[in-house]
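Student: Once you've had a glance at the structure underneath, I'll fire off some questions.
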Amino acid sequence: MASWSSIASTVQPFIRLRASAFAIREVQNPRPTASKPAEPFPIVGSRFMTPPQLPVLAIVTDSVAPWHSGGKETRTLHYAAELAKDFEVHLYTMKWWDGPATLQQGDVVLHAICRRWNLYAGQRRSIWQAFAFSVACLRLVRAKFDVVEVDQIPILPMIAVKAVCVVRRKPLVATWHEVWGRDYWREYLGWLGGGASFAERLVARLPDRIIAASEGTAARLRDLSGTRVHVALGVNGIDTAEIVDAPPSSTSFDLLFVGRLLEHKGVDTLIRALATLSEQGETLSLGIVG
């Protein structure tokens, strides 16, 4: 696992797309030449000139930490903070907080583009929430940005964001956490799974760049999109300092499950497997954190 700062360094090259390919500002700062050393911002009279503006990155995601806890929220929280060192970062999401629609979170500006809809309908992701957030994403057509990064969960908003990027002539970068495929979509959604599987294949061809969260996801994405989209690897990170400083637990287990207690996470399968092992004379302890 990489540190969070290394994830940001992995993401940056694929966000900094060349203006020669798109009608956007050049976002890479030129390096000073040896014959002309770097100087501070020039002075005009007794006042400093305005420093160059940072490129504007728009991050689109339907859930954010700390209001909603999960893998993609933790990833977004950390790499948005890292990228804010080189970009003016604006994050567009549902309204998770009380008060004004705009909220400053460290160096990142959060914008609520719609009310907060429930992410889940029972044990499954809400189709209505995905649709409502997708429609709200069309509001970005009036937002200020040079490049958009959108995560693939849920997949519908990427279609709306792509439409915005086409109209605005801006590049789209997608972060892809997992590829489900036809069989799992049908298991998850029943008869609707065929349409969801088709949508997954479609949206995999929409971004200008894709950042996959794992090597397995990257390989499956290349199968989905072929050679149309460049897929790069940007693995999830961990806070190594927090782990080093954490006191050791007095309780230990043979196996440990960490994740949300939802049906598709399969913790029930793990429990049944341990019961089967116990019947065969193999007893293992299990810790569940979720």
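Sequential numbering from -10 applies to the sequence shown in the working numbering.
The beta-carbon is built from N, C-alpha and C at its ideal position, and this holds for glycine as well.
In this text the structure is predicted, and so the values were computed from the model without any measurement.
Residues in its own chain within less than 6 angstroms of Asp96 by CB, not counting five upstream and five downstream?
Tutor: Result list for Asp96: Ala73, in chain order.
Student: Assess, as a yes-or-no matter, whether the segment 147 to 155 is touched by the segment 179 to 197 under the definition of 3 or more beta carbon pairs within less than 8 angstroms.
Tutor: Contact holds: three or more Cβ-Cβ distances are below 8 angstroms.
Student: How is the alpha helix (DSSP H) around Trp117 delimited, first residue to last?
Tutor: Trp117 -> alpha helix (DSSP H) spans Ile116 to Cys126.
Student: To the nearest angstrom, how far is it from the Cα of Ile116 to the Cα of Ile142?
Tutor: If you take the alpha carbons of Ile116 and Ile142, they lie about 12 angstroms apart.
Student: Just the Cα atoms here: how many angstroms apart are Ala193 and Pro237?
Tutor: Each residue's alpha carbon lies about 42 angstroms from the other.
Student: What distance in whole Å lies between the Cβ atoms of Ser186 and Ala149, which are believed to be in contact at a cut-off of 8 angstroms?
Tutor: Not a contact, Cβ separation roughly 20 angstroms.
Student: If we count the other Cβ atoms within 10 Å of its Cβ and call it buried at 16 or more, is Phe288 buried or exposed?
Tutor: The question about residue 288 has no answer, for the chain in this structure spans -10 to 279.
Student: Note down, one range per segment and in chain order, each beta strand (DSSP E) of at least 3 residues found wholly within the segment 51 to 86.
Tutor: Runs of the beta strand (DSSP E) inside the segment 51 to 86: 77 to 83.
Student: Roughly how many whole angstroms lie between the Cα atoms of Leu66 and Gly270?
Tutor: Rounded to whole angstroms, Leu66 to Gly270 spans 45 angstroms at the Cα level.
Student: Whether or not the segment 258 to 277 and the segment 78 to 85 are in contact is what I'm after, with contact meaning three or more pairs of Cβ atoms, one per stretch, closer than 8 angstroms; do they touch?
Tutor: Segments in contact, no.
Student: In terms of residues, what are the limits of the beta strand (DSSP E) holding Glu231?
Tutor: Unbroken run through Glu231 is the alpha helix (DSSP H), Thr229 to Asp234; no beta strand (DSSP E).
Student: Leaving out five residues before and five after Trp169 in sequence, what residues of the same chain have Cβ atoms less than 6 angstroms from its Cβ?
Tutor: So no residue of the chain qualifies.
Student: Nearest-angstrom Cα distance between Val247 and Ala264?
Tutor: Roughly 19 angstroms separates the two Cα atoms.
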